[in-house]
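Following the numbering used here from start to finish, the sequence shown increments by one per residue and tops out at 743.
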Amino acid sequence: MNNRVEKINIMKAGSLSPFFSLNLRKHCLILFLLLLFTPLLGSPKIGLALSGGGARGLAHIGVLKVLEKNDIEIDYIAGTSSGALIAAMYAAGYSADEIEQKINAIDWQMIMAEDVKRQELHIGEKRWAPYSNVSFYLDDKFRPQLPQAIMQGHNLINIIFELLYPAIHIRDFDKLAIPYRCVATNILTGERKVFSEGNLHEVVRASMSFPSVFVPFEIDSELYIDGGIVSNLPSDVLKEMGAERIIAVQTNSGLKSKEELSSVIDIIDQTINLNIVHNIERSQKEVELLITPELADYSIIDFDQKEEIISEGEKAAELVGYELKKYTDRKKSNRNAACMMPEPISFEDIKVEGNIWLSNAKVREYFGLNTNENYNAENIFTATRSAYTSDLFAQIYPTINKVDNKYYCTLKVEERNRKTMSLSLTYNNNNELTAGVYFTLNNLLQTNSKLLINFQAGDKTELNLDYVKNFGRQWGAYFRIFPYLREDRLYTYNEEHEKENSVLSLETGLTAGVGIFSAYDIVLEGYAYGYHYQNYRDIAEFSQSKYTLAGVGLKAYYETLDDYVFPMQGNQIMLKYSTANKDFMSDESRQMFYGEAQFLLPLSYRTALKYKFEYGSFFKRQTEHFEQFLIGGIDSFLGFYPRERSAPIYRINTFALRMEPITDFFVDLQYNILTLGDIDIWLPDDNFYHAAGVQVGYRSILGPIRAAMAVNDNKRIFYYLSIGYEFDPFIFSRP
Numbered sequence: 009m010n011n012r013v014e015k016i017n018i019m020k021a022g023s024l025s026p027f028f029s030l031n032l033r034k035h036c037l038i039l040f041l042l043l044l045f046t047p048l049l050g051s052p053k054i055g056l057a058l059s060g061g062g063a064r065g066l067a068h069i070g071v072l073k074v075l076e077k078n079d080i081e082i083d084y085i086a087g088t089s090s091g092a093l094i095a096a097m098y099a100a101g102y103s104a105d106e107i108e109q110k111i112n113a114i115d116w117q118m119i120m121a122e123d124v125k126r127q128e129l130h131i132g133e134k135r136w137a138p139y140s141n142v143s144f145y146l147d148d149k150f151r152p153q154l155p156q157a158i159m160q161g162h163n164l165i166n167i168i169f170e171l172l173y174p175a176i177h178i179r180d181f182d183k184l185a186i187p188y189r190c191v192a193t194n195i196l197t198g199e200r201k202v203f204s205e206g207n208l209h210e211v212v213r214a215s216m217s218f219p220s221v222f223v224p225f226e227i228d229s230e231l232y233i234d235g236g237i238v239s240n241l242p243s244d245v246l247k248e249m250g251a252e253r254i255i256a257v258q259t260n261s262g263l264k265s266k267e268e269l270s271s272v273i274d275i276i277d278q279t280i281n282l283n284i285v286h287n288i289e290r291s292q293k294e295v296e297l298l299i300t301p302e303l304a305d306y307s308i309i310d311f312d313q314k315e316e317i318i319s320e321g322e323k324a325a326e327l328v329g330y331e332l333k334k335y336t337d338r339k340k341s342n343r344n345a346a347c348m349m350p351e352p353i354s355f356e357d358i359k360v361e362g363n364i365w366l367s368n369a370k371v372r373e374y375f376g377l378n379t380n381e382n383y384n385a386e387n388i389f390t391a392t393r394s395a396y397t398s399d400l401f402a403q404i405y406p407t408i409n410k411v412d413n414k415y416y417c418t419l420k421v422e423e424r425n426r427k428t429m430s431l432s433l434t435y436n437n438n439n440e441l442t443a444g445v446y447f448t449l450n451n452l453l454q455t456n457s458k459l460l461i462n463f464q465a466g467d468k469t470e471l472n473l474d475y476v477k478n479f480g481r482q483w484g485a486y487f488r489i490f491p492y493l494r495e496d497r498l499y500t501y502n503e504e505h506e507k508e509n510s511v512l513s514l515e516t517g518l519t520a521g522v523g524i525f526s527a528y529d530i531v532l533e534g535y536a537y538g539y540h541y542q543n544y545r546d547i548a549e550f551s552q553s554k555y556t557l558a559g560v561g562l563k564a565y566y567e568t569l570d571d572y573v574f575p576m577q578g579n580q581i582m583l584k585y586s587t588a589n590k591d592f593m594s595d596e597s598r599q600m601f602y603g604e605a606q607f608l609l610p611l612s613y614r615t616a617l618k619y620k621f622e623y624g625s626f627f628k629r630q631t632e633h634f635e636q637f638l639i640g641g642i643d644s645f646l647g648f649y650p651r652e653r654s655a656p657i658y659r660i661n662t663f664a665l666r667m668e669p670i671t672d673f674f675v676d677l678q679y680n681i682l683t684l685g686d687i688d689i690w691l692p693d694d695n696f697y698h699a700a701g702v703q704v705g706y707r708s709i710l711g712p713i714r715a716a717m718a719v720n721d722n723k724r725i726f727y728y729l730s731i732g733y734e735f736d737p738f739i740f741s742r743p
């Protein structure tokens, strides 16, 4: 019986053997395939969160360099503030080394200094010398307005545009090389905004709107500030994108002690960090690996220490090198094949948004680019910069969108407030103190026009109204109307250079002219003028004199200086010729010529040779009054006190070696030669003067401060002090 059962079992087993063998092979094959592909198909997605921190955020670059060395692939990336910029560059397809090269090439001082350099100004603005210590915009009721922040951010958004240009046309951030998210704070609601689409440079600029430093940024009628206010470490954003393992880099500083709060930047930083500290703690719960570079010694504005900050990021990532090995189990690239911007491109259309007073055509004219013409990235950057130098825009920047393989450009503009009030205060060691107020009205009376109204009082009392209407942009014509009134106190000096007498002079006049200009460097103007002059006794023993002159004249102005007060390169030439006829509305016939020129030859980055020449002549003997050329002072001949000498004809040659040993601090070694004459004939040697001296100057935020010491032929020492914009801003407007 047992033998029979055994046989039956053996028979059954034998009859089922083919079936079991087949299933076993299938299961083994499936198991083998799962073992082979699971590490690849089932690898958890890695997300990288980059925090804000101003300049400290540059440490993210160092971390990225270490991640790349360890072959760690990122599936998703999100950033806040400066972290949003670095994350966007990485998402756009740059390597860590390429990001470092781009960041190192940026002139961070240019971002902070939004004033247009003088050499870049349109010639229409160069017709006036700088004049104000501080300026305020005026509202509709002409009341001064305080700014929303220190900087508008024009340079910032255009530099972001430049950095992200290869991917600037991609509006869906999931289509970037790495899917990307950017975080900002809606200042109107206090809510967090996570951008997954839009214009890439706009959303990064919004996230970088550090309160009080940059004005809030507008997108779709909403205002945004720094994303770090509500979400400085956007790890939860990565979770929502699909990340399962999150690496985060935290570069913001902790709270400072009482002793460390030593500047306004420290106070602003501390205020922001009060909230950041709490939202960082919540965000860290989502993080698997947190990298925190040692950045306590760096502030949010220490961009000049970018190399050291990047190095700190590398060090911090290398310290967690063992933990990073957990993320190196994938050898394939997870980056999308993003469609990068080709070069060159042409625009199917160029639109304008945000303009109120300027027409679309006028804005496009200032931009200078046209449809259906090929442009590369540099052409677009240059065109934007050129439009900004018109001084009509608080900010102007392009956006580029791609539709059906065609490119469309939209210029987004914010026009400058058309009404400005400026204050000035000047002083020199001749005990001359003058305070002034200027009202500037741009495009208010007519488009492409400027009205400058000035009143000042003190040792000089003036009322000036200068109105200019331009026709054209790159070149064109204009007309000017300039009525003025000014009273001045003039002194006479003895041979010991001591004041003896003084006389008051009063001049009222009107100049009207028409001219032509080339965009950046030259103006030619023909004009008619008339003025009444008189001097009257102050403490002088001179008899009173008065007369009226009317005539016509020609003048020209050329300038390429990089700065009006402390130029290190460029040239300047101004020429004036006028004539009056006694038989035509004048008490006497008169001809006058005045010319000045200065040329600077840079020897190195911080040194230059300067030559300046002045020449003036009335062509014939003048009556005994003060209305002649006045000579002497820190901007004239150093061997006389300000306006110490007068003459009907003179010339000055000035040779100087200019140095800038420290940024905004200048030293001139100067040598002057002065020649005086009469009736256009140079006088004997006793009217030939020499002086040598040294001048130091500082370009402060409230205007120039200058001091000088000089020695003349008689070994007499002169001292000079000048604070503020002491020269006449209307020198080209006057007859």
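All C-beta atoms, glycine included, are put in the ideal place defined by N, C-alpha and C.
{"Check": "Cα-Cα separation between Phe726 and Gln703, rounded to whole angstroms", "Outcome": "12 Å"}
{"Check": "Sequence ranges, alpha helix (DSSP H) only - wholly within the segment 321-375, length at least 4", "Outcome": "329-332 and 368-375"}
{"Check": "For Thr336 and Leu66, the rounded distance between their alpha carbons", "Outcome": "24 Å"}
{"Check": "Nearest-angstrom beta carbon gap, Gly70 and Ser319 [assumed within contact, 8 Å]", "Outcome": "6 Å"}
{"Check": "Backbone CA spacing between Asp676 and Leu608 [nearest angstrom]", "Outcome": "13 Å"}
{"Check": "Length of the line joining the Cα atoms of Ser745 and Ala558", "Outcome": "Beyond the ends of the chain as shown, which are 9 and 743, falls residue 745; an answer cannot be given."}
{"Check": "Sequence-distant residues of the same chain with beta carbon closer than 8 Å to Glu322, five excluded per side", "Outcome": "Gly70, Val71, Lys73 and Val74"}
{"Check": "Residue environment, Pro352, which counts as buried when at least 16 other CB atoms sit within 10 Å", "Outcome": "exposed"}
{"Check": "Proximity of Leu184 and Ile176 at Cβ, strictly below 8 Å", "Outcome": "no"}
{"Check": "For His540, the three-state DSSP class (helix, strand or coil)", "Outcome": "strand"}
{"Check": "Any 3 or more C-beta pairs closer than 8 Å across the segment 78-87 and the segment 238-255", "Outcome": "yes"}
{"Check": "Nonlocal neighbours in the same chain, by C-beta distance under 8 Å from Val328, ignoring five residues either side", "Outcome": "Leu297 and Ile299"}
{"Check": "Opposing strand residues paired with Lys584 [DSSP bridges]", "Outcome": "Lys563 and Tyr602"}
{"Check": "Exposure label - Lys149; buried when at least 16 CB within 10 Å", "Outcome": "exposed"}
{"Check": "Terminal residues of the beta strand (DSSP E) in which Gln127 lies", "Outcome": "Looking at the DSSP string, Gln127 is not in any beta strand (DSSP E), and its letter there is neither H nor E."}
{"Check": "Of the listed residues Thr516, Gly534, Glu567 and Ile530, nearest to Lys554 (C-alpha basis)", "Outcome": "Thr516"}
{"Check": "Where Ile318 sits in the DSSP three-state scheme", "Outcome": "helix"}
{"Check": "Beta-carbon proximity check, Gly640 vs Arg653, cutoff 8 Å", "Outcome": "yes"}
{"Check": "Bridge partners - Gly62, DSSP secondary structure assignment", "Outcome": "DSSP, once it has assigned bridges, lists no residue as partnering Gly62."}
{"Check": "Between the CA atoms of Tyr572 and Gly55 - distance to the nearest angstrom", "Outcome": "52 Å"}
{"Check": "Paired residues, beta bridge with Ser625 - DSSP", "Outcome": "Phe601 and Ile657"}
{"Check": "Reduced DSSP category for Pro47 - H, G, I as helix; E, B as strand; rest coil", "Outcome": "Residue confidence for Pro47 is low, a pLDDT of 45 falling below 50, so the modelled location carries little weight; the figure read from the coordinates is stated next. Pro47 falls in the helix class under three-state DSSP."}
{"Check": "Length of the line joining the Cα atoms of Leu93 and Ser59", "Outcome": "10 Å"}
{"Check": "Neighbour-count burial assignment, Lys723, 16 or more Cβ in a 10 Å radius", "Outcome": "exposed"}
{"Check": "Exposure label - Asp147; buried when at least 16 CB within 10 Å", "Outcome": "exposed"}
{"Check": "Residues near Asp496 by beta carbon distance below 6 Å, same chain, minus five either side", "Outcome": "Lys468 and Ser513"}
{"Check": "Backbone CA spacing between Phe355 and Ile388 [nearest angstrom]", "Outcome": "11 Å"}
{"Check": "Three-way DSSP call (helix, strand, coil) for Tyr173 in this model", "Outcome": "helix"}
{"Check": "Coarse secondary structure for Met667, derived from DSSP in three states", "Outcome": "strand"}
{"Check": "Assigned exposure category for Thr434 - 16 Cβ within 10 Å defines buried", "Outcome": "buried"}
{"Check": "Where the alpha helix (DSSP H) through Glu210 begins and ends", "Outcome": "Leu208 to Ser215"}
{"Check": "Pro743 to Val142 span [Cα, whole Å]", "Outcome": "28 Å"}
{"Check": "Exposure of Pro152, with buried meaning 16 or more beta-carbon neighbours within 10 Å", "Outcome": "exposed"}
{"Check": "Rounded straight-line distance, which links the Cα of Cys417 to that of Met216", "Outcome": "24 Å"}
{"Check": "Terminal residues of the beta strand (DSSP E) in which Phe674 lies", "Outcome": "Phe673 to Asp686"}
{"Check": "Cβ shell of Val364 (< 7 Å), same chain only, five flanking positions each side left out", "Outcome": "Checking the sequence, you will find Ile at residue 364 rather than Val. Excluding sequence neighbours, Ile364 sits near Glu423."}
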